[in-house]
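Q: If you scroll down you'll find the structure; I have some questions about it.
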Amino acid sequence: MPVPTDDTACSLKTHNFGLQILDKSILFQVLQMSEQLYIWIGEGNGELQNLSVGVPVQGGAASSIFGGGDQSRQLADRLSGRLKKQVWVSFSTCDDILTTPAILERLITEIKEHPDKF
Numbered sequence: 001m002p003v004p005t006d007d008t009a010c011s012l013k014t015h016n017f018g019l020q021i022l023d024k025s026i027l028f029q030v031l032q033m034s035e036q037l038y039i040w041i042g043e044g045n046g047e048l049q050n051l052s053v054g055v056p057v058q059g060g061a062a063s064s065i066f067g068g069g070d071q072s073r074q075l076a077d078r079l080s081g082r083l084k085k086q087v088w089v090s091f092s093t094c095d096d097i098l099t100t101p102a103i104l105e106r107l108i109t110e111i112k113e114h115p116d117k118f
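Numbering of the sequence shown is given in the UniProt record's numbering, commencing with residue 1 and proceeding in unit increments.
Listed below in structure tokens is the structure:
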């Protein structure tokens, strides 16, 4: 089988953005594939603490692949329904009442402002 050599053969695209909350720098990395997304949310250490996947089916379906944290599972579920594609999420940062709403708001704003990246 011949290997494609044109630029259209690569369907993996990245999008990075950030958020400063008090003394924390929150980083977002989105890997956009043809029919799915991988979203990593974390701090500068690049640690992968958990991973969940959401599938866009009637009523929603999401599962934690590894690690704890309901936030990644809930976010994968919500985003897969909203974006109508499979979404993998790693929410690898502090999950508390002060930072989580700001993180989620920043992500939703980015989705609205740059829908082509998602």
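Glycine included, every Cβ here is placed at the ideal spot set by N, Cα and C. All values derive from a computational prediction rather than experimental measurement.
Exposed or buried, N50, counting other C-beta atoms within 10 Å across all chains shown (16 or more means buried)?
A: buried
Q: On the DSSP bridge list, what partners appear for G67?
A: Answer is none; G67 lacks a bridge partner.
Q: Just tell me which of K24, S80 and S52 has its CA closest to the CA of E43.
A: K24
Q: Which value, in whole angstroms, describes the spacing of the CA atoms of G69 and G46?
A: Within the model, the alpha-carbon separation for G69 versus G46 is close to 17 Å.
Q: Hey, L48 and S92: beta-carbon distance below 7 Å or not?
A: yes
Q: Using only the alpha-carbon positions, how far apart do N16 and Q29 sit?
A: 5 Å
Q: Can you give me the Cβ contacts of S34 inside the same chain, cut-off strictly under 6 Å, excluding the 5 residues immediately before and after it?
A: S11
Q: Output the distance between the C-alpha atoms of residue 119 and K85, rounded to the nearest integer angstrom.
A: Residue 119 lies beyond the residue range present for the chain, which begins at 1 and ends at 118; the question has no answer from this structure.
Q: Can you tell me the Cα-Cα spacing of L19 and R73, whole angstroms?
A: 21 Å
Q: Give the secondary structure of I41 by DSSP, where H, G and I count as helix, E and B as strand, and everything else as coil.
A: Looking at I41 - three-state DSSP - the assignment turns out to be strand.
Q: Mind checking which residues open and close the alpha helix (DSSP H) that includes residue 121?
A: Residue 121 lies beyond the residue range present for the chain, which begins at 1 and ends at 118; the question has no answer from this structure.
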